[in-house]
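One structure is given below, encoded as structure tokens.
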Amino acid sequence: MNESSSHNQAEHKPNEHGCGHAHHAHAAAPAKAVPGAQYTCPMHPEVLQSGPGSCPKCGMALEPTMPSETVDDSELRDMTRRFTTGVVLSAPLLVLAMGPMLGLPLSGAWLPWTELALASPVVLWAGWPFFVRGAQSLRGWNLNMFTLIALGSGAAYLFSLLATVAPGRLPAAFLDDGHPPLYFEAAAVIVTLVLLGQVLELRARAQTSGAIRALLKLAPKTAHRVDAQGRESDVELDQLKTGDRLRVRPGEKVPVDGRVLDGDSHVDESMLSGEADPVRKSAGGRVSAGTGNGHGSLLIEAERVGQDTTLSQIVKMVADAQRSRAPVQRLADQVAAWFVPAVVLAAASAAVAWTLFGPAPVLAHALIATVSVLIVACPCALGLATPMSIMVGVGRGAQIGVLIKDAAALERLQAVDTVVVDKTGTLTEGKPTLSRVASVGELADNELLRLAAAVEAASEHPLARAIVDGAEARKLRLPKAQQFYSDPGLGVWGQIDGQRIAVGNRRLAEREGASLGRVGDEAAQAQARGSTVVYVLHDSALAGYLLIEDSIKSSTPAALQALRKAGVRVIMLTGDDQATAEHVGRELGLDEVVANVLPQDKASTIERLQREGRVVAMAGDGVNDAPALARADVGIAMGGGADVAMESAGVTLMRGDLGGIAQAISLSRKTLRNIRQNLWFAFAYNVLGVPIAAGVLYPLFGWLLSPMLAAAAMSLSSVSVIGNALRLRRA
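FYI, my numbering numbers position 359 of the sequence shown as 649, with every residue one higher than the one before it.
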């Protein structure tokens, strides 16, 4: 068997669109094509085509690469009709077959023909999709659960048909008191119970994709576009383009990613960050598609529309991750590749053993054991064990603001024992404020701040924003800096009215050759209290310094406690001075503090920890963090960071703090534990079920498993795996 066969057990199940398999032409209405959409197989992402169809490897119906908000439940409705028919006809069939054992006076030449009439619609119509799938599996030699179902129920039905039509052609070894046994009720009930399993599984599978459909429903259907004259008109989202002005009324969903032009309101961004507290938005603020507007009215300018919005990117990331394969699945793949041939061999061995050593009628007992072995075996449970947990776990992560790039990242994350984080924005609020301006030369404090803020205005660093905000709070007019230059990890330079201004840390001042003198001692004392010191140099001479404060997030202590409880070390890696960093480290009780680190040196710190045997997760949010994120065992991009950081990371946290990291690790460990539980159940079920069905307990207790009980157990096994995976929705 080829590699694809190891997925057949999972792939013959429906996806979130109610997708079925290659039997759609026979059983259910085909899925409607989405214009321009690409279709892929959930278990074979390398299969890609421009329209709907069936996977050439497993027969599973292809689904759009970008999921839709509505669910096509055509297969569920079709399987429900077939199951209902099976129940209606199998119930009287059971009464007829079991009547003599219950003392009912049921006998005569009419009985076999009546059973045949009742069983045939169940087996040949209700169970037809199973025979189609079984035949297709044999043609491609991708053996799966339906191979076994078709062989088992087909053998019981065909034997009973022969026993009814031409009983004289059967060997004496099949006869019981001179009459051949009939297994019409077994064949019909097997099909009915398998249909019940399909119905339950279809319903459960629909729930596993509930998270991604909930995300899709966040986007409104229409938007209120405002023209140049201020007139509003309602338009479909696919008609919007960048630059459009849109009105978002109170209580409505934001239709695009954009910038607020006018208005004041609070916006619920919990779909992005997992935080319940609304965020105030006014002119200049940014809003994202799918977030909920509060009681105010907002006029926004569209910056990203359609598939470019943050919401659409989240949906795509979640969909891709749900289709990805985890390394832990390799064991199941290896077992599944040999599973069906091994079951067929076990069934044949059971038939031989009963024929040679079983009680009379030996061939009748051999047939029962063979059918029971074929039916009880469930490669489906084995194949579903990993994909179901991945699908639910990734979906749950999206609901709480933890976006998993792929299943491999989810699996690696559970082994992390060391987390490396920056200080600003992760441990602290990330909203530093200017607390003091100290001039040490001829420049007045306000002039010192004006020059520093003019240069920093071109920088995107959080400390630069604090300096500019401080200048604006003092209503200082900032000139435009010329010849701006930035060196990450040191600071910035620029020309202001012919004066060369440099603003940065102690290393920058030393590089410029400035003498710090007593200022250095003052700065050291401020740093020991947790302040960040920014030096301002005027023509390479020290002109003064600025003190900036950034308070520790209220959520940080609890998140650190959760990580310590999980056995995870937290290391702060920052470009701040050693004294400032150590103050924060002492206050929070961090395991290690690495300060004065240039961005290009972050990756080497990760390498050092890995050489020490650590499994390292690195959290970052900037372009300069990308090498370290890629080098770490798991890269974690903090929400709102640079796109390149998100591309380099395996996990993206829409809420950029330590609490999000603790949630991500916890979710990963719970998901992997759930996968192991599913795999253990699937292995144990088959290891115990097949020998019992073969009759190993018969010599000791006289027990021989009925094919009907085998069908019930098989149908419920995969549903049990999915049910266990669904528990992750509450993780």
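Ideal Cβ positions, reconstructed from N, Cα and C, are used throughout, including at glycine.
Practice task
Taking V695 as the reference, give the member of V706, G683 and A705 with the closest Cα.
Solution key: According to the sequence provided, residue 695 is Lys. The question's Val does not apply to it. Closest option to K695, Cα to Cα, is G683.
Exercise for the section: Please confirm whether Q817 and D867 have their CB atoms less than 8 angstroms apart. Expected result: Their beta carbons are under 8 angstroms apart, which means Q817 touches D867 by this criterion.
Exercise for the section: Assign K571 to one of three DSSP states: helix, strand, or coil. Expected result: strand
Problem - Touching by the beta-carbon criterion (3+ pairs, under 8 angstroms), the stretch 849-858 and the stretch 870-877 - result: no
Problem - Cβ-based neighbour list, D787, same chain, cut-off 7 angstroms, excluding 5 preceding and 5 following - result: P769
Exercise for the section: Report back the beta-carbon spacing between L1018 and V618 to the nearest angstrom; my notes put them in contact at under 8 angstroms. Expected result: Going by Cβ atoms, the distance from L1018 to V618 rounds to 15 angstroms, so no, they are not a contact pair.
Exercise for the section: Express the C-alpha separation of P402 and T437 in angstroms, rounding to a whole number. Expected result: 28 angstroms
Problem - Alpha carbon of A319 to alpha carbon of G444, nearest angstrom - result: Summary for A319: the model assigns pLDDT 39, below 50, so the residue's position carries little reliability; its value from the coordinates is reported in the next sentence. Roughly 26 angstroms between the two C-alpha positions.
Practice task
Over the uninterrupted alpha helix (DSSP H) stretch that includes A387, give me the two end residues.
Solution key: That run of the alpha helix (DSSP H) goes S364 to M388.
Exercise for the section: Measure the alpha-carbon distance for V642 versus L486 and round it to whole angstroms. Expected result: Their Cα atoms are separated by approximately 32 angstroms.
Exercise for the section: Check P846 in the structure and name its three-state DSSP category. Expected result: The identity of residue 846 in the sequence shown is Thr, whereas the question assumes Pro. Helix, per DSSP.
Practice task
Tell me whether A616 sits in a helix, a strand or coil according to DSSP, three-state version.
Solution key: coil
Problem - Assigned secondary structure, R594 (DSSP; H/G/I helix, E/B strand, else coil) - result: DSSP places R594 in strand when its eight states are reduced to three.
Exercise for the section: Return the residue from the list L733, I951 and V706 that minimises the CA-CA distance to Q900. Expected result: V706
Practice task
With DSSP as the reference, label K721 as helix, strand or coil.
Solution key: K721 falls in the coil class under three-state DSSP.
Handout entry: Cβ neighbours of M908 in the same chain (closer than 7 angstroms, five flanking residues each side left out)
Key = V710, I896, A918, L919, A922, G925 and I926
Exercise for the section: Check the C-beta distance from N976 over to N1014 and give it rounded, since I have them as a contact under 8 angstroms. Expected result: Actually they do not touch by this definition, with Cβ atoms about 16 angstroms apart.
Problem - Three-way DSSP call (helix, strand, coil) for K543 in this model - result: strand
Practice task
Find the nearest neighbour of H655 within the set S380, L508 and Y988, judged by alpha-carbon distance.
Solution key: H655 has its Cα closest to that of Y988, out of S380, L508 and Y988.
Practice task
Determine, using beta carbons only, whether L995 and I982 come nearer to each other than 8 angstroms.
Solution key: yes
Exercise for the section: Check whether the stretch 469-488 touches the stretch 542-555, taking contact to mean three or more Cβ pairs, one atom from each stretch, closer than 8 angstroms. Expected result: No: fewer than three Cβ pairs fall under 8 angstroms.
Problem - Whole-Å CB distance - L693 paired with M944, under 8 angstroms assumed - result: 7 angstroms
Handout entry: Among V824, A509 and R966, the one whose alpha carbon lies nearest that of G865
Key = V824
Problem - Among E593, E542, H556 and V538, the one whose alpha carbon lies nearest that of T532 - result: E593
Handout entry: Within 8 angstroms, strictly: CB atoms of G985 and W644
Key = yes
Problem - Endpoints, alpha helix (DSSP H) assigned at R966 - result: L948 to A984
Practice task
Evaluate Y329 with the Cβ neighbour count: other Cβ atoms within 10 Å of its Cβ, from every protein chain shown; 16 or more gives buried, anything less gives exposed.
Solution key: The C-beta of Y329 has 16 or more other C-beta atoms within 10 Å across all chains shown, which makes the residue buried.
Practice task
Leaving aside the five residues before and after V378 along the sequence, list all residues of the same chain whose C-beta is less than 8 angstroms from its C-beta, in chain order.
Solution key: Beyond the five residues adjoining it in sequence on each side, V378 comes within less than 8 angstroms, by CB distance, of no other residue in the same chain.
Practice task
Starting from the Cα of S1089, find the closest Cα among P411, S340 and L492 and give me that residue.
Solution key: Past the boundaries of the shown model lies residue 1089; the chain is included only from 291 to 1021, so the question cannot be answered.
Practice task
If I'm right that D881 touches T718 with Cβ under 8 angstroms, what's the distance once you round it to whole angstroms?
Solution key: Not really, about 18 angstroms apart at Cβ, beyond 8 angstroms.
Handout entry: Residue from A1001, A1021 and L1016 with nearest C-alpha to L441
Key = A1001
Exercise for the section: Just mark V826 as buried or exposed, buried being the case when its beta carbon has 16 or more other beta carbons within 10 Å. Expected result: buried
Handout entry: Where A1015 sits in the DSSP three-state scheme
Key = Of the three classes helix, strand and coil, the one that applies to A1015 here is helix, per DSSP.
Exercise for the section: Please list, in chain order, all residues of the same chain as V883 whose beta carbon is under 7 angstroms from its beta carbon, the five residues on each side excluded. Expected result: M862, A871, E872 and G875
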